[in-house]
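In the working numbering, the protein residues as written are 169 to 248.
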């Protein structure tokens with residue numbers, strides 16, 4: 169499971185390719201709309217679904233990186 173950065177006691181309780189459920193302690197100050205940073209442990213199923221990575225520094229996009237293996241899983245399945 170990914171680690172939750174900068175939220176003491178927060179843990180990921182459910183994980184899918186593009187969403188997660190996170191348990192936070194009762195005294196957490198998180199509110200709906202707050203941003204969290206998750207450090208993934210396994211990303212290839214999600215990468216396969218997208219054309220590019222957006223590289224960020226804070227809220228600024230500093231690069232757009234192509235994902236050259238986009239759709240590779242579907243291609244392999246079609247090949248048998």
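Glycine residues also receive a C-beta, built at the ideal position from the N, C-alpha and C atoms.
Classification of residue i by the beta-carbon crowding that lies within 10 angstroms, buried from 16 upward
| i | result |
| --- | --- |
| residue 172 | buried |
Nearest-angstrom Cα separation, counted from residue j out to residue i
| i | j | result |
| --- | --- | --- |
| residue 181 | residue 195 | 18 Å |
| residue 231 | residue 224 | 7 Å |
| residue 186 | residue 215 | 10 Å |
| residue 190 | residue 236 | 31 Å |
| residue 183 | residue 219 | 22 Å |
| residue 221 | residue 229 | 10 Å |
| residue 179 | residue 192 | 7 Å |
| residue 174 | residue 234 | 29 Å |
| residue 211 | residue 238 | 13 Å |
| residue 206 | residue 188 | 10 Å |
| residue 204 | residue 226 | 12 Å |
Residue i (DSSP reduced to helix, strand or coil)
| i | result |
| --- | --- |
| residue 183 | strand |
| residue 192 | coil |
| residue 171 | strand |
Inter-residue CB distance, residue i and residue j (contact presumed, cutoff 8 Å)
| i | j | result |
| --- | --- | --- |
| residue 200 | residue 170 | At roughly 20 Å, the Cβ-Cβ gap does not stay under 8 Å, so residue 200 and residue 170 are not in contact. |
- Every unbroken alpha helix (DSSP H) inside the stretch 201-237 [4 residues or more]: Here the runs fully enclosed are 212-215.
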